[in-house]
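Participant: The numbering used here runs 29 ahead of the 1-based position in the sequence shown.
Structure provided below as structure tokens; questions to follow.
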Amino acid sequence: MPRLLTLSRAARLVGTSRVALQLKIRSGELPSFDGMVSADDLLRLYPDIRLEEDGGFEQVREIKERAFGRRVRERLLPSQEILSQRLYEQSTELADLRSHLQRYHAMMEALRSRIREQENKPGMAALGAFLDGQLAEILGAAEAPNALSVMDDMLRVMSAHVTLHPSGHDFFVEGADTLLEAALRAGLAVSYGCSNGNCGLCKARVVSGEVRKVRPHDYVLSEAEKSQGYTLLCAHAAVGDLVLEALETGSAGDIPPQQIVARIKAVEALGEGVRLLHLQTPRNNRLRFLAGQSATLTAGDTSAQLPIASCPCDDRNLHFHIERNPNDDFARQVFDVLRAGDAVTVFGPWGDFVLRADSPRPILFVASEAGFAPVKGLIEHAMSLDRAELLHLYWHTQRPAGHYLANLCRSWAGALDNFRYTACDEGGAADLVGRMARDHADLAAFDVYAAGPGSFVQEMDAALQRNRFPASQLRLEIV
Ligand code: FES
């Protein structure tokens, strides 16, 4: 029976992305068994895995972090308690193996002495010689340790692998993350409310594996819930690999509005006339939203509803892109008054410009001018989901410095095999649809997400209709 690994674990072990492995499965280079791959097939495809190169999966993580704007995330070791529990489990497994081997050894010795006692009987001498020869061969072969197995054991100590039922989505819990933090980092829209142990909305059932409380919580699970294995995702971490039964948000309508007071982490120039307003929510009170949605921001006596330019996978960070506009009070506040540390009230989320998580189709993202903000959130979400399908971004602007995050888009294209970036600075929405149709002969095979000023979005809608593009595969957002 070959040792089977999930795609996520296999990708980490050989230092590549899930996307790269999915492409190899599709091309037939890597056999797959119910979505899993065998360690032997992996070693055949990646024969150069070395323990000293254990930075393999770190490399992929770094690419993603670079792609996410070089924000360095806090990465801690799991708590001592969890580490020692994982080491204890590995040691128990090792002790079992050792005692098993000792029993085999004793059996082999008994067999050899029995054969020697009966050497005079026909065939026994030959059988003894065969056994001695085989044992000499096995014991004499100085086999190198299987790098993949050793790395897998190390990985099991440093992180735990979680599979969600019924969706089959999976993710890793690393460092001091709770199950909720790890799931959101992986781009999964699990159900939750307060994120600090009060509401019970993050309840999930442990199907197999063990969890440990790492944060205090006031919500009390009933005795019946406890006996059925329910746990709170926001207050627990995984001791080892886990299977959980958990609710995942299907649509924007499932998320109630919330009001949170966040602090400004930074106000940065993104280019000529555009500022990044970077907010951070309190440690114990995240904003629950789906990538692509908007929120209402209030600072002093000015307010504005703005698309969120980051994704829920980006921890407690909320990004907004603000264009200079002398007629917009909130924009004037951001450009002239607000500073790091100031409070901003966030109310939302709003809108349904969100990814169709269950669609298997490749995606064309179209951003016009500041329509890039919600599209950026969607792209980061798609990246965190490790989708293998093509993601192609067209960013249209008629302002000279309108591609204010062009370097970020180029870094995405450089880091990810399945991402393409096209900057457009001529023509209108209809010309852009013509270009998309030339780039992708079968336009109807894609989902299209387009955001921008009203006139651009309406023209794009009309042009796609003339191309008989299926309306159900189109999502539009006026910014
Ligand atoms: S999200 Fe409220 S208790 Fe976990």
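Every residue gets a Cβ at the ideal spot worked out from N, C-alpha and C, and that includes glycine.
Just to confirm before moving on: does the CB-CB distance between residue 388 and residue 215 stay below 8 angstroms?
Facilitator: No, the pair does not count as a contact, with Cβ atoms beyond the cut-off.
Participant: Leaving out the 5 sequence neighbours to the left and right, which residues in its chain are closer than 7 angstroms to residue 108 when beta-carbon positions are compared?
Facilitator: Same-chain partners within the cutoff: 205 and 243.
Participant: Quick test of your reading: residue 390 and residue 409, contact by CB under 8 angstroms. State the CB separation rounded to the nearest angstrom.
Facilitator: Contact flag wrong, Cβ pair sits at about 19 angstroms.
Participant: Which residues are close to ligand 1, meaning CB closer than 7 angstroms to any heavy atom, in chain order?
Facilitator: For ligand 1, the selected residues are 209, 221, 222, 223, 224, 225, 226, 227, 228, 229, 230, 231, 246, 248, 261, 262, 263 and 264.
Participant: Please name the residue, chosen from 315, 187 and 252, that lies closest to residue 267 on a Cα-to-Cα basis.
Facilitator: Of the candidates 315, 187 and 252, the one whose C-alpha sits nearest the C-alpha of residue 267 is 187.
Participant: DSSP beta-bridge partners for residue 348?
Facilitator: Answer by DSSP bridge pairing, in chain order: 307.
Participant: Could you check which residue in 456, 194 and 301 has the C-alpha nearest to that of residue 429?
Facilitator: Nearest of 456, 194 and 301 to residue 429, Cα basis: 301.
Participant: Just reading off the beta strand (DSSP E) that residue 142 is part of, what are its end residues?
Facilitator: That residue, residue 142, is in no beta strand (DSSP E); its alpha helix (DSSP H) goes 109-146.
Participant: Answer yes if the segment 70-77 comes into contact with the segment 45-60, meaning at least three C-beta pairs across the two stretches below 8 angstroms, and no otherwise.
Facilitator: Contact holds: three or more Cβ-Cβ distances are below 8 angstroms.
Participant: Please list, in chain order, all residues of the same chain as residue 385 whose beta carbon is under 7 angstroms from its beta carbon, the five residues on each side excluded.
Facilitator: 476.
Participant: Ligand 2 and residue 356: does the residue's C-beta get closer than 7 angstroms to at least one heavy atom of that ligand?
Facilitator: No copy of ligand 2 appears in this structure; the ligands present are ligand 1.
Participant: By DSSP, does residue 336 sit in helix, in strand, or in coil?
Facilitator: Reduced to three states, the DSSP call for residue 336 is strand.
Participant: Between 487, 234 and 275, which has its C-alpha nearest residue 253's C-alpha?
Facilitator: Ranking 487, 234 and 275 by Cα distance to residue 253 puts 234 first.
Participant: Does the separation of the CB atoms of residue 238 and residue 272 fall below 8 angstroms?
Facilitator: Cβ atoms of residue 238 and residue 272: closer than 8 angstroms.
Participant: Could you tell me which residues DSSP puts in a beta bridge with residue 453?
Facilitator: DSSP lists 425 as partners of residue 453.
Participant: Quick one, which of 483, 400, 342 and 115 has its alpha-carbon nearest residue 533's?
Facilitator: This structure cannot speak to residue 533, because the chain is shown only from 30 to 508.
Participant: Once you ignore the five residues that flank residue 286 on each side, which residues in its own chain have a CB closer than 7 angstroms to its CB?
Facilitator: Contacts found: 376 and 377.
Participant: Is the Cβ-Cβ distance between residue 278 and residue 218 less than 8 angstroms?
Facilitator: In contact: residue 278 and residue 218 (Cβ atoms closer than 8 angstroms).
Participant: Can you tell me whether DSSP reads residue 405 as helix, strand or coil?
Facilitator: If DSSP states are grouped into helix, strand and coil, residue 405 belongs with the helices.
Participant: Any idea which residues DSSP pairs residue 494 with across the strands?
Facilitator: Residue 494 is not bridged to any residue.
Participant: What is the DSSP secondary structure of residue 186, counted as helix, strand or coil?
Facilitator: Residue 186 falls in the helix class under three-state DSSP.
Participant: Where DSSP assigns a beta bridge to residue 377, which residues make up the other side?
Facilitator: For residue 377, which the question treats as bridged, DSSP gives the partners 287.
Participant: Looking at the structure shown, is residue 474 part of a helix, part of a strand, or coil, going by DSSP?
Facilitator: If DSSP states are grouped into helix, strand and coil, residue 474 belongs with the helices.
Participant: Pick out whichever of 304, 211, 292 and 493 has its Cα sitting closest to the Cα of residue 262.
Facilitator: It is 211.
Participant: Using DSSP with H/G/I as helix, E/B as strand and the rest coil, what is residue 61?
Facilitator: Reduced to three states, the DSSP call for residue 61 is coil.
Participant: Looking at residue 338: is its Cβ nearer than 8 angstroms to the Cβ of residue 400?
Facilitator: Not closer than 8 angstroms, so no.
Participant: At which residues does the alpha helix (DSSP H) containing residue 386 begin and terminate?
Facilitator: Here residue 386 belongs to no alpha helix (DSSP H), and DSSP marks it neither H nor E.
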